[in-house]
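Numbering (our numbering), first residue to last: 2 to 316.
Below, the structure is given as C-alpha coordinates:
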(Lines of atoms letter the chains of each structure in order from A and count residues from 1; the text may use other names and numbers.)
(Lines give C-alpha, C1' and ligand atoms only; values in the text may rest on other atoms or scores of the structure.)
Protein backbone atom coordinates (compact mmCIF):
# COMPACT_ATOMS: atom_id res chain seq x y z
CA UNK A 1 0.00 0.00 0.00
CA UNK A 2 2.80 2.40 0.88
CA UNK A 3 5.54 0.83 -1.20
CA UNK A 4 5.37 3.58 -3.81
CA UNK A 5 7.41 6.72 -3.59
CA UNK A 6 5.02 9.52 -2.49
CA UNK A 7 6.28 12.91 -3.60
CA UNK A 8 9.91 12.12 -3.18
CA UNK A 9 9.75 10.30 0.16
CA UNK A 10 11.82 7.16 0.58
CA UNK A 11 10.29 3.71 0.18
CA UNK A 12 8.73 2.61 3.48
CA UNK A 13 9.99 -0.45 5.29
CA UNK A 14 7.72 -2.77 7.27
CA UNK A 15 8.20 -0.86 10.51
CA UNK A 16 7.31 2.45 8.87
CA UNK A 17 4.25 0.93 7.22
CA UNK A 18 3.11 -0.28 10.64
CA UNK A 19 3.61 3.22 12.08
CA UNK A 20 1.44 4.71 9.34
CA UNK A 21 -1.32 2.12 9.59
CA UNK A 22 -1.41 2.27 13.39
CA UNK A 23 -1.67 6.06 13.46
CA UNK A 24 -4.13 6.58 10.60
CA UNK A 25 -6.83 7.79 13.08
CA UNK A 26 -4.64 10.84 13.73
CA UNK A 27 -5.49 12.13 10.26
CA UNK A 28 -9.23 12.14 10.85
CA UNK A 29 -8.78 13.60 14.32
CA UNK A 30 -6.78 16.63 13.17
CA UNK A 31 -8.85 17.15 10.00
CA UNK A 32 -12.06 17.17 12.05
CA UNK A 33 -10.57 19.58 14.58
CA UNK A 34 -9.66 22.07 11.86
CA UNK A 35 -12.81 21.50 9.79
CA UNK A 36 -14.93 22.64 12.74
CA UNK A 37 -13.44 26.13 12.42
CA UNK A 38 -13.37 26.68 8.65
CA UNK A 39 -16.08 27.24 6.00
CA UNK A 40 -17.97 24.16 4.89
CA UNK A 41 -16.98 24.57 1.26
CA UNK A 42 -13.33 23.84 2.10
CA UNK A 43 -12.71 20.27 0.98
CA UNK A 44 -12.08 17.80 3.78
CA UNK A 45 -10.81 15.33 1.20
CA UNK A 46 -8.03 17.73 0.24
CA UNK A 47 -7.11 18.16 3.90
CA UNK A 48 -7.18 14.40 4.45
CA UNK A 49 -4.91 13.86 1.44
CA UNK A 50 -2.43 16.39 2.78
CA UNK A 51 -2.59 14.75 6.19
CA UNK A 52 -2.04 11.28 4.73
CA UNK A 53 1.07 12.38 2.88
CA UNK A 54 2.35 14.13 6.02
CA UNK A 55 1.88 10.94 8.05
CA UNK A 56 3.85 8.91 5.51
CA UNK A 57 6.64 11.48 5.48
CA UNK A 58 6.66 11.53 9.27
CA UNK A 59 7.09 7.75 9.34
CA UNK A 60 10.04 8.01 6.96
CA UNK A 61 11.74 10.81 8.89
CA UNK A 62 11.01 9.53 12.41
CA UNK A 63 13.98 8.61 14.58
CA UNK A 64 12.97 6.58 17.63
CA UNK A 65 16.35 7.33 19.22
CA UNK A 66 15.16 10.86 19.99
CA UNK A 67 12.80 9.45 22.61
CA UNK A 68 9.87 11.46 21.25
CA UNK A 69 6.75 9.28 20.81
CA UNK A 70 5.81 8.91 17.16
CA UNK A 71 2.23 10.06 17.80
CA UNK A 72 3.50 13.38 19.14
CA UNK A 73 6.01 13.82 16.33
CA UNK A 74 3.43 12.92 13.67
CA UNK A 75 0.88 15.32 15.15
CA UNK A 76 3.29 18.22 14.66
CA UNK A 77 3.93 17.21 11.05
CA UNK A 78 0.22 16.75 10.41
CA UNK A 79 -0.75 20.14 11.78
CA UNK A 80 1.91 21.87 9.74
CA UNK A 81 0.81 20.08 6.57
CA UNK A 82 -2.84 20.94 7.14
CA UNK A 83 -1.98 24.58 7.71
CA UNK A 84 0.07 24.63 4.50
CA UNK A 85 -2.86 23.09 2.65
CA UNK A 86 -5.23 25.74 4.00
CA UNK A 87 -2.78 28.44 3.02
CA UNK A 88 -2.57 27.11 -0.52
CA UNK A 89 -6.36 27.01 -0.74
CA UNK A 90 -6.61 30.56 0.47
CA UNK A 91 -4.32 32.03 -2.19
CA UNK A 92 -7.02 31.23 -4.75
CA UNK A 93 -9.54 33.23 -2.69
CA UNK A 94 -7.62 36.52 -2.64
CA UNK A 95 -9.71 37.83 -5.53
CA UNK A 96 -12.86 36.87 -3.66
CA UNK A 97 -11.77 38.77 -0.57
CA UNK A 98 -10.89 41.78 -2.70
CA UNK A 99 -14.38 41.80 -4.28
CA UNK A 100 -16.01 41.46 -0.86
CA UNK A 101 -14.05 44.42 0.51
CA UNK A 102 -14.80 46.52 -2.61
CA UNK A 103 -18.52 45.74 -2.37
CA UNK A 104 -18.56 46.71 1.31
CA UNK A 105 -16.81 50.00 0.58
CA UNK A 106 -19.14 50.95 -2.29
CA UNK A 107 -22.19 49.95 -0.24
CA UNK A 108 -21.12 52.28 2.57
CA UNK A 109 -20.43 55.14 0.17
CA UNK A 110 -23.78 54.82 -1.63
CA UNK A 111 -25.65 54.46 1.64
CA UNK A 112 -24.13 57.76 2.81
CA UNK A 113 -25.01 59.47 -0.48
CA UNK A 114 -28.55 58.12 -0.86
CA UNK A 115 -29.55 57.98 2.77
CA UNK A 116 -30.70 54.40 2.28
CA UNK A 117 -29.28 51.00 1.43
CA UNK A 118 -28.52 50.81 -2.32
CA UNK A 119 -30.26 48.22 -4.45
CA UNK A 120 -28.42 45.34 -6.10
CA UNK A 121 -28.93 47.02 -9.47
CA UNK A 122 -27.44 50.29 -8.23
CA UNK A 123 -24.42 48.48 -6.79
CA UNK A 124 -23.92 46.54 -10.02
CA UNK A 125 -24.09 49.73 -12.09
CA UNK A 126 -21.61 51.53 -9.85
CA UNK A 127 -19.16 48.64 -9.89
CA UNK A 128 -19.68 47.94 -13.58
CA UNK A 129 -20.66 44.31 -13.09
CA UNK A 130 -23.73 42.13 -13.51
CA UNK A 131 -26.28 41.80 -10.73
CA UNK A 132 -25.43 38.09 -10.56
CA UNK A 133 -21.87 38.98 -9.58
CA UNK A 134 -23.19 41.14 -6.73
CA UNK A 135 -25.19 38.13 -5.50
CA UNK A 136 -22.18 35.85 -5.79
CA UNK A 137 -19.96 38.27 -3.88
CA UNK A 138 -22.53 38.52 -1.11
CA UNK A 139 -22.65 34.72 -0.92
CA UNK A 140 -18.88 34.61 -0.67
CA UNK A 141 -18.96 37.18 2.12
CA UNK A 142 -21.56 35.11 3.96
CA UNK A 143 -19.32 32.07 3.82
CA UNK A 144 -16.60 34.04 5.60
CA UNK A 145 -13.65 32.66 3.69
CA UNK A 146 -10.77 31.96 6.04
CA UNK A 147 -8.10 34.66 6.00
CA UNK A 148 -4.72 33.05 6.38
CA UNK A 149 -3.03 36.46 6.24
CA UNK A 150 -4.89 37.41 9.41
CA UNK A 151 -3.77 34.15 10.99
CA UNK A 152 -0.86 34.53 13.36
CA UNK A 153 0.94 31.45 12.11
CA UNK A 154 0.36 28.92 14.88
CA UNK A 155 -2.04 26.16 13.95
CA UNK A 156 -3.12 25.91 17.59
CA UNK A 157 -4.79 29.31 17.16
CA UNK A 158 -6.93 27.80 14.43
CA UNK A 159 -8.15 24.97 16.63
CA UNK A 160 -10.73 25.18 19.42
CA UNK A 161 -9.38 26.26 22.77
CA UNK A 162 -9.27 23.06 24.81
CA UNK A 163 -7.65 24.44 27.92
CA UNK A 164 -9.84 23.13 30.77
CA UNK A 165 -11.56 25.59 33.05
CA UNK A 166 -11.19 25.06 36.83
CA UNK A 167 -14.39 23.02 37.06
CA UNK A 168 -13.32 20.76 34.19
CA UNK A 169 -9.94 20.26 35.86
CA UNK A 170 -11.63 19.17 39.07
CA UNK A 171 -13.81 16.69 37.16
CA UNK A 172 -10.78 15.35 35.28
CA UNK A 173 -8.86 14.92 38.51
CA UNK A 174 -11.74 13.05 40.14
CA UNK A 175 -12.16 10.81 37.11
CA UNK A 176 -8.45 10.06 37.07
CA UNK A 177 -8.47 9.20 40.77
CA UNK A 178 -11.32 6.72 40.33
CA UNK A 179 -9.67 5.21 37.28
CA UNK A 180 -6.43 4.63 39.14
CA UNK A 181 -8.45 2.99 41.90
CA UNK A 182 -10.29 0.83 39.35
CA UNK A 183 -7.01 -0.48 37.97
CA UNK A 184 -5.50 -1.02 41.42
CA UNK A 185 -8.54 -2.94 42.68
CA UNK A 186 -8.52 -5.46 39.83
CA UNK A 187 -7.48 -9.03 40.61
CA UNK A 188 -3.75 -9.44 39.99
CA UNK A 189 -4.09 -11.33 36.71
CA UNK A 190 -6.57 -8.84 35.24
CA UNK A 191 -4.50 -5.90 36.46
CA UNK A 192 -1.45 -7.32 34.68
CA UNK A 193 -3.39 -7.63 31.43
CA UNK A 194 -4.55 -4.00 31.66
CA UNK A 195 -1.01 -2.87 32.45
CA UNK A 196 0.49 -4.72 29.49
CA UNK A 197 -2.20 -3.89 26.93
CA UNK A 198 -3.03 -0.27 27.74
CA UNK A 199 0.00 1.11 29.55
CA UNK A 200 2.81 -0.77 27.81
CA UNK A 201 1.05 -1.06 24.44
CA UNK A 202 1.77 -4.79 24.16
CA UNK A 203 0.00 -6.88 21.54
CA UNK A 204 -2.33 -9.74 22.45
CA UNK A 205 0.30 -12.17 21.18
CA UNK A 206 2.96 -10.67 23.44
CA UNK A 207 0.67 -10.73 26.48
CA UNK A 208 -0.22 -14.35 25.77
CA UNK A 209 3.48 -15.18 25.82
CA UNK A 210 4.00 -13.39 29.13
CA UNK A 211 1.07 -15.15 30.81
CA UNK A 212 1.57 -18.50 29.14
CA UNK A 213 -1.99 -18.65 27.83
CA UNK A 214 -3.69 -18.52 24.44
CA UNK A 215 -4.50 -15.27 22.64
CA UNK A 216 -8.21 -15.94 23.00
CA UNK A 217 -7.74 -16.24 26.77
CA UNK A 218 -5.98 -12.87 26.83
CA UNK A 219 -8.92 -11.35 24.97
CA UNK A 220 -11.29 -12.86 27.53
CA UNK A 221 -9.27 -11.48 30.42
CA UNK A 222 -9.11 -8.04 28.82
CA UNK A 223 -12.86 -8.05 28.26
CA UNK A 224 -13.46 -9.10 31.86
CA UNK A 225 -11.16 -6.36 33.18
CA UNK A 226 -12.70 -3.59 31.10
CA UNK A 227 -16.20 -4.78 31.99
CA UNK A 228 -15.37 -4.58 35.69
CA UNK A 229 -13.77 -1.16 35.32
CA UNK A 230 -16.68 0.18 33.29
CA UNK A 231 -19.17 -1.03 35.89
CA UNK A 232 -17.21 0.55 38.73
CA UNK A 233 -16.67 3.86 36.96
CA UNK A 234 -20.30 4.09 35.87
CA UNK A 235 -21.42 3.35 39.43
CA UNK A 236 -19.23 6.01 41.02
CA UNK A 237 -18.95 8.68 38.31
CA UNK A 238 -22.21 8.40 36.42
CA UNK A 239 -24.47 7.57 39.39
CA UNK A 240 -25.57 4.39 37.62
CA UNK A 241 -25.14 1.81 40.35
CA UNK A 242 -26.32 -1.68 39.52
CA UNK A 243 -28.96 -1.68 42.26
CA UNK A 244 -28.70 -5.47 42.48
CA UNK A 245 -30.40 -7.27 45.36
CA UNK A 246 -27.44 -8.51 47.40
CA UNK A 247 -29.56 -11.14 49.13
CA UNK A 248 -30.31 -12.87 45.84
CA UNK A 249 -27.07 -12.13 44.00
CA UNK A 250 -24.85 -15.01 42.97
CA UNK A 251 -21.21 -15.39 43.91
CA UNK A 252 -20.00 -13.72 40.72
CA UNK A 253 -22.31 -10.75 41.23
CA UNK A 254 -21.24 -10.34 44.86
CA UNK A 255 -17.60 -10.35 43.79
CA UNK A 256 -18.31 -7.67 41.21
CA UNK A 257 -20.15 -5.64 43.84
CA UNK A 258 -17.23 -6.04 46.23
CA UNK A 259 -14.88 -4.82 43.51
CA UNK A 260 -17.05 -1.76 42.83
CA UNK A 261 -17.14 -0.97 46.55
CA UNK A 262 -13.36 -1.37 46.81
CA UNK A 263 -12.88 1.13 44.00
CA UNK A 264 -15.05 3.64 45.82
CA UNK A 265 -13.21 3.19 49.10
CA UNK A 266 -9.82 3.50 47.43
CA UNK A 267 -10.73 6.54 45.38
CA UNK A 268 -12.70 8.43 48.03
CA UNK A 269 -10.71 11.53 49.05
CA UNK A 270 -9.88 12.00 52.70
CA UNK A 271 -11.62 15.37 52.52
CA UNK A 272 -14.54 15.90 50.19
CA UNK A 273 -13.32 19.38 49.47
CA UNK A 274 -13.35 21.00 46.03
CA UNK A 275 -10.36 23.10 47.02
CA UNK A 276 -8.33 19.94 47.57
CA UNK A 277 -9.43 18.55 44.23
CA UNK A 278 -8.67 21.81 42.46
CA UNK A 279 -5.19 21.92 43.93
CA UNK A 280 -4.53 18.53 42.36
CA UNK A 281 -5.94 19.46 38.97
CA UNK A 282 -2.62 20.80 37.74
CA UNK A 283 -1.17 17.31 38.07
CA UNK A 284 -3.62 15.74 35.60
CA UNK A 285 -1.47 14.19 32.87
CA UNK A 286 -2.21 15.10 29.25
CA UNK A 287 -4.14 12.58 27.16
CA UNK A 288 -2.24 10.49 24.65
CA UNK A 289 -2.89 10.74 20.92
CA UNK A 290 -6.44 10.28 19.64
CA UNK A 291 -5.58 6.86 18.24
CA UNK A 292 -4.93 5.51 21.75
CA UNK A 293 -8.08 7.12 23.13
CA UNK A 294 -10.19 5.68 20.32
CA UNK A 295 -8.73 2.21 20.76
CA UNK A 296 -9.41 2.23 24.51
CA UNK A 297 -12.90 3.66 24.04
CA UNK A 298 -13.84 0.70 21.87
CA UNK A 299 -13.15 -1.64 24.79
CA UNK A 300 -14.78 0.47 27.50
CA UNK A 301 -17.83 1.28 25.41
CA UNK A 302 -19.01 4.44 23.66
CA UNK A 303 -20.78 5.67 26.80
CA UNK A 304 -17.46 5.76 28.60
CA UNK A 305 -15.45 7.68 25.99
CA UNK A 306 -14.34 10.24 28.57
CA UNK A 307 -13.19 7.42 30.81
CA UNK A 308 -11.25 5.96 27.90
CA UNK A 309 -9.49 9.27 27.42
CA UNK A 310 -8.54 9.28 31.07
CA UNK A 311 -7.25 5.73 30.83
CA UNK A 312 -5.05 6.77 27.92
CA UNK A 313 -3.77 9.64 30.05
CA UNK A 314 -2.45 7.17 32.60
CA UNK A 315 -0.10 5.57 30.09
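Glycine is no exception: its CB is placed at the ideal position from the N, C-alpha and C atoms.
How would you write the range of the alpha helix (DSSP H) that residue i sits in, first residue to last?
i, result
"residue 18", "15 to 23"
"residue 47", "45 to 62"
"residue 26", "26 to 36"
"residue 210", "205 to 212"
"residue 126", "121 to 128"
"residue 189", "189 to 195"
Figure out for me which residue from the options has the closest Cα to the Cα of residue i.
i, options, result
"residue 205", "196, 195, 212 and 216", "216"
"residue 183", "224, 232 and 137", "232"
"residue 72", "83, 132, 56 and 81", "56"
"residue 77", "220, 212, 59 and 86", "59"
"residue 191", "212, 115, 100 and 175", "212"
"residue 124", "117, 138, 139 and 108", "108"
"residue 267", "222, 256 and 179", "179"
"residue 83", "35, 69 and 112", "35"
"residue 226", "214, 186, 210 and 237", "186"
Determine the direct distance from the alpha carbon of residue j to that of residue i, and round the result to whole angstroms.
i, j, result
"residue 208", "residue 201", "10 Å"
"residue 63", "residue 18", "12 Å"
"residue 228", "residue 29", "28 Å"
"residue 258", "residue 181", "18 Å"
"residue 218", "residue 195", "14 Å"
"residue 1", "residue 81", "In this structure the chain extends from 2 to 316, so residue 1 is not present and cannot be described."
"residue 49", "residue 66", "29 Å"
"residue 262", "residue 224", "20 Å"
"residue 221", "residue 39", "44 Å"
"residue 61", "residue 189", "40 Å"
"residue 13", "residue 176", "40 Å"
"residue 214", "residue 20", "28 Å"
"residue 53", "residue 115", "54 Å"
"residue 96", "residue 106", "15 Å"
"residue 198", "residue 102", "56 Å"
"residue 37", "residue 210", "44 Å"
"residue 25", "residue 75", "10 Å"
"residue 264", "residue 43", "48 Å"
Residues in the same chain with beta-carbon distance under 8 Å from residue i, minus the five sequence neighbours each way, listed in chain order, please.
i, result
"residue 104", "124, 128, 135, 138, 139 and 142"
"residue 121", "132, 135 and 136"
"residue 1", "Since the first residue of the chain shown is 2 and the last is 316, residue 1 is not available in this structure."
"residue 51", "82, 83, 85 and 86"
"residue 79", "27, 28, 31, 52, 55, 56 and 59"
Please work out which residues of its chain come closer than 6 Å, Cβ to Cβ, to residue i, disregarding the five sequence neighbours upstream and downstream, and give them in chain order.
i, result
"residue 100", "138"
"residue 203", "197"
Once the 5 residues before and after residue i are set aside, which same chain residues still bring their CB inside 7 Å of it?
i, result
"residue 131", "125"
"residue 118", "112"
"residue 260", "186, 229 and 233"
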